[in-house]
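Peer 1: A single structure is presented below for examination.
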Amino acid sequence: MTIAIFVGSLLGAMTIGMPIAYALLISGIALMLYVDVFDAQIVAQNVINGADSFPLMAVPFFMLAGEIMNTGGLSKRIVNVALAAVGHVKGGLGYVAILAACVLSALSGSAIADAAALAALLVPMMTQAGHDKARAGGLIAASGIIGPIIPPSIGFVIFGVIANVSITKLFLAGLVPGLLIGVGLAVAWWWEVRKETLVTPPRKSAADLLGALREGVWALVLPLIIIFGLKFGVFTPTESAVVAAVYSLFVAVFVYRELKITELYAVFVTAAKTTAVVMFLVAAAIVSAYVLTISEVALTLVDLLQPFMGNQTLLLLAMMILVVIVGTAMDMTPTILILTPILMPVVKEAGIDPVYFGVLFIVNNAIGLITPPVGTVLNVVAGVARIDMEDLMKAVWPFMIAQLVVLGLMIVFPQLVTWPARLIGG
Amino acid sequence: GIASAETIRVSYVTAADHPYGLGVKKFGEIVEAKTGGRIRVRGFPSGQIGAEVPSISAAQGGILEVVVTSTAAVSGVDKAFGVFDLPYIFESDRQADAILDGPLGTAMLHRLDGKGLTGLCFWEAGFHQVTNSRRPIKSLDDLRGLKIRTIQNPVMIDAVNALGANAVPLPYTEVYTGLETKAIDGQTGTYPLVYANKIFEVQKYIAEANLFYAPVAVLMSKKFYDSLSPADQAIMRDACTEARTTEREANRALSPEALKQMKAAGLESTVLDAATIAAFKEKLRPVVDKHMKGIDPEVVATLQAELAKLGPSGSASGK
Amino acid sequence: MTRLIEGYFSLLKILIAIFLAVMVVLVFGNVVLRYAFDSGITVSEELSRWLFVWLTFLGAIVALREHGHLGVDTVVKRLPRKGKLACLIVSQVLMLYATVLFFQGSWVQTLINWQVTAPASGASVAWLYGVGLVFSISTGLIILDGLRRAVMGDLSDDQLVIVKESEEQEQLEQLQHELAARDGRDVLVRAEPSRGTDR
Ligand code: NA
Ligand code: NA
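Protein chains in written order, with the working numbering: chain A, 14 to 439; chain B, 275 to 593; chain C, 89 to 287.
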C-alpha cells in the first residue's frame, strides 16, 4: 500500500504537468500523511541536506566541463581526429561517430552534451556522403548514450551517493561496458549500411592524420588524466570533475583560443542552471526516500521478490525490465533517484555485487534516454540536426536493439563486467 | 498509520552489527520490556535517515526521537563538548567511565536542556589509533610529513599538524577512496571502526597511540521526552544506562578481536611506548592550551578537579 | 516594479555563476595545495558544500520562472485549453502547498540552528537552512503570480505547460542559437572533410 501511495501520487502529479521535482515533494508529503509522521521540518531538512553533499559536487563540475568542451572547440577536434583515422572506410562516418562518442564520453559526464555536439558536427557530413539522414541521427543518438557509461558519469555519481557504493569503483567498472556498447553499435551500423550507396571520402594522408592528432592531442589527453588520476588515486571523483573543468578551460582559452573571457559568464550561468535543475530534483527525491526508509517498505518489496531470490539472473532480468519500462517515460536522473532506494535492498539481499548492478542499472538508464516517448537524447538530436521526430524514432530501433543485446549479454555473462572491473579497478 | 507516536526512531551512523547497533538493540529490548510493548524502538543504522549533525538538528526539532552521536558533532550545539576532542584528555577506559558517568558527565548532558535535547547517557566509540600506508609509527619522527585525514574540526586539525603530520580535512565519504588511491596516507580511528569500515584493506600500518578518546552521546528529543510520563522518562534513562554496559563491553571486547583479524589480514601493528606518548603529549600541550580557552572555564575546572581526584591512572587499556 | 523583478533574477544568475566559480577555486585549490604544499584549505570542503546548496536553490528559483524544471508533458499537451488550464491550476495549488511546508520547516530549522556553529568555519548553521526561506518566498511568489494569471485567463496556450522534458533543452536552444549566429559558416568549414583541421 505504501508503494501504491508513493507511485500513485507521483504519477498523478506528473501527469497533470507538475515538474517532477515538485511531484516528488508531493508524493513525499502524501507518504508522510499516510505513514503518520507529518511534519514540515521533514520536508525542509531532507531537501536542504539532500543537496549538501561533497560527492554530488561532481555534478556541477562535469556540467561545467561539458559546456566548456563544446563551446571551446575540444569536442570538434576529437571528431576531427576520428575523421582522419576512420573516415575513409565504407560507412566510415558512422564509425567516426562511435569512436568520437567513446572519446567524448571519457571527457564528459552527460549523454546530452555529447549527442548535441556529435549531431551538429556529423549529421550534415553524413547526409552529404549519402547516408539516410534519420539513420545517421539514430546512430548518433545511440552513440551519445555511451556518455554516462564510460567514466566520468553523472549517473554513476548520483547512483553511488544514493546507494552508498564507491563512485571510483563504479567509474572504473563502466569503462569496458561502454566500449562493448560501442562495438555493438558498430556491428549494427555495418549491418544497416551494407546496402547503402555511399560517396566515401578519400583516405587522409599521414600528414593530415598527424595534423589532426597534433591539434587534438590537448583534448585527447584529458581522458587519460581522468582515468589514471582515479586509478592511481591522484584525486577523488569530485576532484577529477573539477580537474576536467579547469583543464578544458585552460585548453579552450589559452591553447585553442576559442573561448573568449567574455563568453565565460554565459558558460558558468548555463552550467549552474542545469546543475540546479538536476540537484533540486535529487534533493526533492530525498523526502520520499526518507519516508520510504522509515516505513520499512523495502522489507515488503524484498518479500515480494522472494521467489526470484534463488536465481540471480532471473532477478536481474526482472529488475532490468522494470528499469526499461520506467525509462521509457522518465529521464535518467529521476529514474535513478526513484528506483535506487527501492531496488538496492533487493540487490543486497540477493547478494548481487552492487558495483556490477550499478553498471547494468546505468547502462539500462542510458538506453532509456533513446526510448520514446520521453527520450531526451532523441529530442536533442532531432532538434540539433533538424530530423523529424517520428523518422528518428524508427531509425534508432536497430541501434537500441544492439544495445539491449549487449545489456542482455552482460546479465547472462556477468564476467563481461566483473572481470575487467577487477582488472582495472583492482 | 505504521509508525505510531509510540515508536522511538534511533539514528546512528555505523553498521547495525557494530557496538552502537548492539547498544541500540539492547536499549530497545529494555524499553519494550519495561513498557510492556507500549513503546517500540527502531534503529536506523549507517546514516540511513541522516548524518550526525542533521540528525541532532532533527531531534531538536522533534522529527527524530533519539540520535546516537559522537560528541564532536555535538560541539556545534554547545562548544563545551569540544573538551572531549582534546588529545589525551583521558588515558584509560576506567578514567573515561568515571568522569562521563559521574558529576561532569551529568552536568554536560544537562547543558543541552535549553537546546531542545535531553541527554540520556554516554556510550563510547573508544580510543583513536593512527593508521597509514607508508611506514610503521614508533616515534614522533615517523609521523613527519604523513598526510593524515581528520574530520573538519579545528582541534583535530591542529593536533595532527602539531605532531608533524599534515592534517587533510576530508568528508568521511571520501576517506576509503582517498586511502585506497593514496591521495592521503592515513587516518585516525578506533580498532572496531578501522575493522568494520574495511579501512585496514587499504592501509599497511596501525599504531596504538590512544590519541583521542571519543565518547558517544545518546540524545533524546526534548519534545518527545517531555511528552512522556515521569515513569517512562525514568525507563528511558535506565535503559540508556543498561545498554551502556552492553555497548562499552561489546566495543572493548571487539577491539582486540578486530586487531587480531586485521593482523591476520596483513596489517602491521605497533604500540607506542610510554616515552613516545610523553613526547606526543609535550608536542600537543600548546594545542590543548589554545583550545581550552574556547571552552566554558567551569567545565574545564570541573574536569581537572575530577581528574585530580581520580589520581594518576594505570596505562590505557582501551585497545 | 518590473525592473526590480528583472534585477532580482539577474542578481540570482550572477550569484550562481560566482558560486560555481568559487567552488571551482576552492576544490581545485585544495587538490593543488595537497600536491604542491602538502596542505589544504580547512574551510574548502564546508564552504564549497554550502555554496553548492545555495547554487542549487537559487538556480532552482530561476529555473521555475523560466519553466526550466523537468517534467512530462505527454498528457497535458494533448488536452484542450480548458483541460490544460485545470491541470495547471491544480498543479500550482499543490506546488504552493509544498512551498508553504518547505517555508515552515526551513523557518523552524533556521531558528534551531541560529546558535549552532559549523565545524570548520564556525559560521552559524542558520546560513544553511536560511536558503530554504529565500527559496520558498521567491518560488511562492512566482507560483502565486502564475496562479493569478491562470485564473485571470492571462496565459497563452504554450504558457500553460510549465515543464521541459529534457535536462539540457536550454543548452540545446543555446546551441541552435549559436549555429544560427555563425551563419552556418563554421559548420560548413568543419563539415568539409578534405580540409581536415580548420584552424
Ligand atoms: Na562519460
Ligand atoms: Na525514455
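Beta carbons: idealized from backbone N, C-alpha and C, even for Gly.
Going by Cα to Cα distance, which pick from Gln319(A), Ala133(A) and Met82(A) is closest to Arg399(A)?
Peer 2: Residue 399(A) sits at position 386 when you count from the first residue of the first sequence. Answer by Cα proximity: Ala133(A).
Peer 1: Here's the rule I'm using: 16 or more other beta-carbon atoms within 10 Å means buried, otherwise exposed. How should Tyr123(C) be labelled?
Peer 2: Taking the third sequence and counting its residues from 1, one reaches residue 123(C) at position 35. Result: exposed.
Peer 1: Which same chain residues, not among the five before or five after Leu100(C), have their C-beta less than 7 Å away from its C-beta?
Peer 2: Start at 1 with the first residue of the third sequence, and residue 100(C) comes out as number 12. Excluding sequence neighbours, Leu100(C) sits near Leu146, Ile149 and Val150.
Peer 1: Could you tell me the alpha carbon to alpha carbon distance between Ile81(A) and Leu277(A), rounded to whole angstroms?
Peer 2: Numbered from its first residue, the first sequence carries residue 81(A) at position 68. Numbered from its first residue, the first sequence carries residue 277(A) at position 264. Cα to Cα, Ile81(A) sits roughly 9 Å from Leu277(A).
Peer 1: Looking at the strands, I want to know which residues DSSP matches up with Val340(B).
Peer 2: Position 66 of the second sequence, counted from the first residue, corresponds to residue 340(B). Note: Val340(B) sits in a beta bridge opposite Val284(B) and Met494(B).
Peer 1: Let me know if Ala219(A) comes out buried or exposed under the rule of 16 or more other beta-carbons within 10 Å of its beta-carbon.
Peer 2: Within the first sequence, residue 219(A) is the residue found at index 206, counting from 1. Burial call: exposed.
Peer 1: Using 9 Å as the threshold, is the C-beta distance between Asp234(C) and Gln192(C) below it?
Peer 2: By one-based count along the third sequence, residue 234(C) stands at place 146. By one-based count along the third sequence, residue 192(C) stands at place 104. The residue you asked about is not Asp; residue 234(C) is Gly in the sequence shown. No, the Cβ-Cβ distance between Gly234(C) and Gln192(C) is not below 9 Å.
Peer 1: Short of 7 Å Cβ to Cβ, which residues in the region 321-334 of chain B face chain C?
Peer 2: Hits within the stretch, in order: Ser331 and Gln334.
Peer 1: Using a Cβ-Cβ cutoff of less than 8 Å, which residues in the same chain neighbour His565(B) once the five nearest sequence positions on both sides are dropped?
Peer 2: The residue labelled residue 565(B) in the question sits at position 291 within the second sequence. Counting only Cβ-Cβ distances below 8 Å, and skipping sequence neighbours, we find Gly356, Asp359, Leu360, Pro428, Val429 and Asp432.
Peer 1: In angstroms with no decimal places, state the Cα-to-Cα distance between Met333(A) and Ala284(A).
Peer 2: Taking the first sequence and counting its residues from 1, one reaches residue 333(A) at position 320. Taking the first sequence and counting its residues from 1, one reaches residue 284(A) at position 271. Cα to Cα, the separation comes out at about 31 Å.
Peer 1: Are the beta-carbon atoms of Thr464(B) and Ala488(B) separated by less than 9 Å?
Peer 2: If you number the second sequence from 1, residue 464(B) lands on position 190. If you number the second sequence from 1, residue 488(B) lands on position 214. Yes, the Cβ-Cβ distance between Thr464(B) and Ala488(B) is below 9 Å.
Peer 1: Would you kindly report the start and end of the unbroken beta strand (DSSP E) that includes Asn440(B)?
Peer 2: Residue 440(B) sits at position 166 when you count from the first residue of the second sequence. Run containing Asn440(B): Asn440 to Pro443, per the beta strand (DSSP E) assignment.
Peer 1: What is the DSSP secondary structure of Gln403(B), reduced to helix, strand or coil?
Peer 2: One-based indexing of the second sequence puts residue 403(B) at position 129. Reduced to three states, the DSSP call for Gln403(B) is strand.
Peer 1: Go to Arg368(B), then tell me how far its alpha helix (DSSP H) extends in each direction, as first and last residue.
Peer 2: By 1-based counting over the second sequence, the position of residue 368(B) is 94. It spans Asp367 to Leu374 - the alpha helix (DSSP H) in which Arg368(B) sits, taken as one unbroken run.
Peer 1: What residues in its chain sit with their C-beta under 6 Å from that of Val204(C), if we drop five residues either side in the sequence?
Peer 2: Counting from 1 along the third sequence, the entry for residue 204(C) is found at position 116. For Val204(C), where only same-chain residues beyond five positions count, the Cβ hits under 6 Å are Val213.
Peer 1: So is Phe184(A) in contact with chain C if we call contact Cβ pairs under 9 Å?
Peer 2: For the purposes of this step, residue 184(A) is identified with residue 171 of the first sequence, where counting begins at 1. Chain C contact via Cβ: absent.
Peer 1: Using the beta-carbon of each residue, which ones in chain A are nearer than 8 Å to Gln197(C)?
Peer 2: The count along the third sequence starts at 1 and reaches residue 197(C) at position 109. The answer, in chain order, is Gln54, Ala57, Gln58 and Ile61.
Peer 1: Counting only Cβ pairs nearer than 9 Å, list the residues of chain B close to Phe172(A).
Peer 2: In the first sequence, the residue the question calls residue 172(A) occupies position 159. Correct list: empty, because the minimum Cβ distance to chain B is about 14 Å.
Peer 1: Could you check the C-alpha separation between Lys497(B) and Pro571(B) for me, to the nearest Å?
Peer 2: Along the second sequence, read from residue 1 onward, the residue named residue 497(B) stands at position 223. Along the second sequence, read from residue 1 onward, the residue named residue 571(B) stands at position 297. So the alpha carbons of these two residues sit roughly 30 Å apart.
Peer 1: At the 9 Å Cβ level, is Ala553(B) part of the contact set with chain C, yes or no?
Peer 2: Looking up residue 553(B) in the second sequence gives position 279. No, no contact with chain C.
Peer 1: Using beta carbons (cut-off 9 Å, strictly below), is Ser66(A) in contact with chain C?
Peer 2: Counted from its first residue, the first sequence places residue 66(A) at position 53. Judged by the 9 Å Cβ criterion, Ser66(A) is in contact with chain C.
Peer 1: Please compile the residues from chain B whose C-beta is within a distance smaller than 8 Å of the C-beta of Ala208(C).
Peer 2: What you label residue 208(C) is simply residue 120 of the third sequence in a count that begins at 1. By Cβ distance, chain B contributes Gln426, Asn427, Pro428 and Pro443.
Peer 1: Give the secondary structure of Trp231(A) by DSSP, where H, G and I count as helix, E and B as strand, and everything else as coil.
Peer 2: Start at 1 with the first residue of the first sequence, and residue 231(A) comes out as number 218. Of the three classes helix, strand and coil, the one that applies to Trp231(A) here is helix, per DSSP.
Peer 1: Based on the DSSP secondary-structure assignment, which residues constitute the bridge partners of Trp142(C)?
Peer 2: For the purposes of this step, residue 142(C) is taken as the residue at position 54 of the third sequence. Bridge partners of Trp142(C): none, in fact.
Peer 1: If you follow the beta strand (DSSP E) that Ser224(C) is part of, which residue opens it and which one closes it?
Peer 2: As a first step, residue 224(C) must be located in the third sequence, where it is residue number 136. Here Ser224(C) belongs to no beta strand (DSSP E); instead the alpha helix (DSSP H) covers Ala214 to Val239.
Peer 1: Who are the near neighbours of Val174(A) in its chain, counting only those whose CB is closer than 7 Å to its CB and skipping five residues on each side?
Peer 2: Within the first sequence, residue 174(A) is the residue found at index 161, counting from 1. Same-chain partners within the cutoff: Ser66, Pro68 and Leu69.
Peer 1: If you draw a straight line from the alpha carbon of Val339(A) to that of Leu329(A), how long is it in whole angstroms?
Peer 2: The residue you call residue 339(A) lines up with position 326 of the first sequence. The residue you call residue 329(A) lines up with position 316 of the first sequence. Going by the C-alpha atoms only, they are around 15 Å apart.
Peer 1: Pull the bridge partners of Ser98(C) from the DSSP assignment, please.
Peer 2: Residue mapping note: residue 98(C) aligns to position 10 of the third sequence, counting from 1. Per DSSP, none; premise fails for Ser98(C).
Peer 1: Identify the residues that DSSP records as bridge partners of Ala124(C): which are they?
Peer 2: Indexing the third sequence from 1 puts residue 124(C) at position 36. None, per the DSSP bridge assignment.
Peer 1: Give, in chain order, every residue of the region 337-359 of chain B whose Cβ lies closer than 7 Å to some Cβ of chain C.
Peer 2: Residues passing the 7 Å Cβ filter: Gly350 and Val351.
Peer 1: Quick check: does the Cβ of Ser121(A) come within less than 8 Å of any heavy atom belonging to ligand 1?
Peer 2: By one-based count along the first sequence, residue 121(A) stands at place 108. Yes - ligand 1 has a heavy atom lying nearer than 8 Å to the Cβ of Ser121(A).
Peer 1: Mind listing which residues of the region 29-50 of chain A have their C-beta closer than 7 Å to chain C's C-betas, in chain order?
Peer 2: Going along the region 29-50 of chain A in chain order, one finds Ile29, Gly30, Met31, Pro32, Ile33, Ala34, Tyr35, Leu38, Ile39 and Ile42 with a Cβ nearer than 7 Å to chain C.
Peer 1: Go through its chain and collect everything with a Cβ distance to Ala110(A)'s Cβ below 7 Å, but skip five positions before and after it.
Peer 2: Your numbering for residue 110(A) matches position 97 in the first sequence. Leu131, Leu135, Leu152, Ile153 and Ser156, listed in sequence order.
Peer 1: Which residues in the same chain have their Cβ closer than 7 Å to the Cβ of Gly440(A), if we skip the five residues on either side of it in sequence?
Peer 2: Residue 440(A) falls outside the range modelled here, since chain A spans only 14 to 439, and no answer is possible.
Peer 1: For the beta strand (DSSP E) that Ile167(A) lies in, which residues bound it at each end?
Peer 2: In the first sequence, counting from the first residue as 1, residue 167(A) sits at position 154. Unbroken run through Ile167(A) is the alpha helix (DSSP H), Ile167 to Ala176; no beta strand (DSSP E).
Peer 1: Does Met111(C) come within less than 9 Å of chain F when only Cβ atoms are used?
Peer 2: No chain F is present in this structure, whose protein chains are A, B and C.
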